[in-house]
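As structure tokens, the structure follows; a few thoughts come after it.
This is the structure we're talking about:
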């Protein structure tokens, strides 16, 4: 039912929600990437970085740098 309404699994939805929150933290806070990962619900920094890049196409550090330029 969830997948039918959202066109993604619950796990995919939750991951996208966490990555979206992490992106917001990277844009508006001075937290380091490890702290952002923790606050977004990722216990493993390396896993967070891998998932973040898969979803956004950029590493968290690159994402932060690019959003500071905008």
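Numbering (the numbering used here), first residue to last: 266 to 335.
Virtual Cβ for every residue (Gly too), placed ideally from N, Cα, C.
Endpoints, the alpha helix (DSSP H) within which residue i is located
i: residue 347; result: Residue 347 is absent from the structure shown; the chain starts at 266 and stops at 335.
i: residue 291; result: 275 to 293
i: residue 347; result: No information on residue 347 is available, as it lies outside the stretch 266 to 335 that the chain covers here.
i: residue 270; result: 267 to 271
Contact set for residue i: own chain, Cβ-Cβ below 6 Å, skip 5 residues either direction
i: residue 318; result: 324
i: residue 329; result: 291
Distance, residue j Cα to residue i Cα
i: residue 315; j: residue 322; result: 10 Å
i: residue 299; j: residue 311; result: 9 Å
i: residue 309; j: residue 287; result: 14 Å
i: residue 273; j: residue 313; result: 20 Å
i: residue 294; j: residue 301; result: 9 Å
Own chain partners of residue i with C-beta closer than 7 Å, once the 5 adjacent residues on each side are dropped
i: residue 306; result: 283
i: residue 276; result: none
Integer-rounded CB distance, given that residue j should sit under 8 Å from residue i
i: residue 268; j: residue 332; result: With a Cβ gap of about 31 Å, residue 268 and residue 332 do not count as contacting.
Own chain residues within Cβ distance below 8 Å of residue i, not counting five before or after
i: residue 296; result: 290, 304
i: residue 280; result: 316, 320
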